Amino acid sequence: MEFRYQVYDQGGHLLTGRLESASQAEAERQLWGNAYLISRLEPVRGRRTWRSLNLVLFERVDPMEVAFLFRQLATCVRVGLPLVSALNLQRSAAGTQTLRRALAHIEEQIRGGSAVWAALADFPKLFPPLYVQIIKGGELSGKLESAFLRCAGYIEGEAGTRRQVQQALVYPVVVLLLAAAAVVVLTVVVLPAMANLFQQFNARLPLPTRLLIALVDFARSRGLWILAGLVLLFGVAFLLLRTPKGRLWRDRWVLRVPAFGKVARESALARFGRVLSAMVAAAVPLGEALEVVVSATGNRFFEARLREVKDRMLTGEGISTPLEDTGLFPPLLIQIVRLGEQAGNLAGAVEELARYYEAEVESSVRRFLSLLEPALIVGVGLVVGFIAVAVISPMYSIVGQIH
331 MEFRYQVYDQ GGHLLTGRLE SASQAEAERQ LWGNAYLISR LEPVRGRRTW
381 RSLNLVLFER VDPMEVAFLF RQLATCVRVG LPLVSALNLQ RSAAGTQTLR
431 RALAHIEEQI RGGSAVWAAL ADFPKLFPPL YVQIIKGGEL SGKLESAFLR
481 CAGYIEGEAG TRRQVQQALV YPVVVLLLAA AAVVVLTVVV LPAMANLFQQ
531 FNARLPLPTR LLIALVDFAR SRGLWILAGL VLLFGVAFLL LRTPKGRLWR
581 DRWVLRVPAF GKVARESALA RFGRVLSAMV AAAVPLGEAL EVVVSATGNR
631 FFEARLREVK DRMLTGEGIS TPLEDTGLFP PLLIQIVRLG EQAGNLAGAV
681 EELARYYEAE VESSVRRFLS LLEPALIVGV GLVVGFIAVA VISPMYSIVG
731 QIH
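Taking this note's numbering, I'd label the letters of the sequence shown as residues 331 to 733.
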């Protein structure tokens, strides 16, 4: 097999390359024999056929189904059922063709002597590097059952947080949709009819009505240009934000937004703690664990700073001091990580941090929405009120003329 590696030599220089070896363990021994500190080591995958890829690309698998799969596999390992037989059972019970196809491939690979984690790595859409690394650590340390359970727990925790946010956003979304419907009805249906009536009576229109009619007329006469301009603007913004610099700028800006920035920061900290604790508890080397943590925070600005932490840690500086120097992590987190590092219980320390920040995310979301809801109601009330006044106020002028 061919492996791609990233290592540090004794002088602290980063080296990359490829090597041929019979197995992952043999490749690690070769690198260690050259006095290299391994940062990343992964097999070079050959090109997979369309048969193994097509459904994974086009059919979505619910993450909770993957969590259920991991829990079922953990149960099978606990009772002593061979993993190949367990995969066969789960394949027949899978709810989607994508998952059935993936499990068939994984079963075939394991029958051929492949490691479980290596077989899972063939399907990164279903089993991201985080899951693969946790299961790799569990497989190498003989704790495959607990590795499956950690993966399931992580998926369920992420799904729970996402579900809470979605439920909290239902009310603001409903208010916005109803307000938008009211504005459309008043400006597209009611206002034109009332404008004709005003003209028939030669009513003197108040300023709000004149402004609203001018705005609606402008939108009608220049509607295509406005639409084209908005499409162009959003298209350019979308393309710019897809670039590495654009994503970095966006994620850095998000952290500075009042109220919402606090939620984004605490979400990144919660992911950092949850992922790092799962990786360290699964006996994954800290260098490899940080490589996965870097891409798991969901924020490019955090990722850039965590890469610096990883590089400094691999040169022997530990993890707490580089984390502190980033300026992104609060003193409480730094202190707990330092204590866990000194006591040799880093997994337990960061797991407690993950629980703390998950609770803080939930609390911050509630506070953010408690501020958003009245602001939303006031804003919608002002818009709808302005339109209502602009439509109704000329009626008084008409009534006065009739008298």
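Every residue gets a Cβ at the ideal spot worked out from N, C-alpha and C, and that includes glycine. Bear in mind that the values here come from a model prediction, so they are computed numbers and not experimental data.
1. According to the Cβ coordinates, are Ala598 and Gly628 closer than 8 Å?
2. From Pro502 to Leu706, what does the alpha carbon distance come to, in whole angstroms?
3. Thinking C-alpha only, which one of Thr645, Pro661, Pro574, Gly674 is nearest Glu633?
4. If you reduce the DSSP assignment to three classes, tell me which class Leu433 lands in.
5. For Gln336, report the span of its beta strand (DSSP E) as first-last.
6. Can you tell me whether Ala684 is buried or exposed? The criterion is at least 16 other CB atoms within 10 Å of its CB, across all chains shown.
7. Give a yes or no on whether the C-beta atoms belonging to Ile436 and Ala423 are separated by under 8 Å.
8. Taking the beta strand (DSSP E) that Arg370 falls in, what are its first and last residues?
9. Ignore the nearest five residues each way along the sequence and tell me which others in Ala608's own chain have a CB closer than 7 Å to its CB.
10. Just how far apart, CA to CA, sit Pro724 and Val518?
11. Rounded to the nearest angstrom, what separates Ala702 and Val713 at their Cα positions?
12. Quick check: the Cα distance between Leu658 and Arg580, rounded to an integer number of angstroms?
13. State buried or exposed for Pro660, treating a residue as buried only when at least 16 other CB atoms are found within 10 Å of its CB.
14. Using the rule of at least 16 other Cβ atoms within 10 Å of the residue's Cβ for burial, across every protein chain shown, is Glu688 buried or exposed?
15. Distance, Cα to Cα, Leu606 vs Arg637?
16. Check this for me: beta carbons of Glu469 and Ala397, under 8 Å apart or not?
17. Whole-angstrom Cβ separation of Glu654 and Ile666, contact assumed at under 8 Å?
18. May I have the straight-line CA-CA distance separating Ala477 from Trp362, to the nearest angstrom?
19. Would you mind stating whether Leu508 and Ile717 have Cβ atoms separated by less than 8 Å?
20. In angstroms, rounded to a whole number, what distance separates the CA positions of Leu385 and Ala600?
21. Here's the rule I'm using: 16 or more other beta-carbon atoms within 10 Å means buried, otherwise exposed. How should Gln497 be labelled?
Let me spell this out:
1. Yes, the Cβ-Cβ distance between Ala598 and Gly628 is below 8 Å.
2. Inter-residue distance for Pro502 and Leu706 is about 7 Å (C-alpha atoms, whole angstroms).
3. Taking Glu633 as reference, the option from Thr645, Pro661, Pro574, Gly674 with the minimal CA-CA separation is Pro574.
4. Here Leu433 sits in helix by DSSP.
5. Looking at the DSSP string, the run of the beta strand (DSSP E) that includes Gln336 is 332–338.
6. Classification for Ala684: buried.
7. At least 8 Å separates the beta-carbon of Ile436 from that of Ala423.
8. First-last of the beta strand (DSSP E) with Arg370: 367–373.
9. Cβ-Cβ distances below 7 Å link Ala608 to Ile464, Arg480, Tyr484 in the same chain, with the five nearest sequence neighbours on each side left out; the list follows chain order.
10. Computed Cα separation, rounded: 17 Å.
11. In the sequence as presented, Ala is not what sits at residue 702; that position holds Leu. Between Leu702 and Val713, the C-alpha separation is close to 16 Å.
12. So the alpha carbons of these two residues sit roughly 16 Å apart.
13. Flag for Pro660 reads exposed.
14. By the 10 Å Cβ count, Glu688 comes out buried.
15. So the two alpha carbons sit approximately 14 Å from each other.
16. Result no, Cβ atoms of Glu469 and Ala397 do not sit closer than 8 Å.
17. Not confirmed; about 12 Å, so no contact.
18. Looking at the two C-alpha atoms, the distance is approximately 26 Å.
19. No, Cβ-Cβ distance for Leu508 and Ile717 is not below 8 Å.
20. Low confidence applies to Leu385: its pLDDT is 44, below 50, so where it sits in the model is not reliable, and the reading given next is rough at best. Approximately 32 Å, taken between the alpha carbons.
21. Exposed, by the Cβ-count rule.
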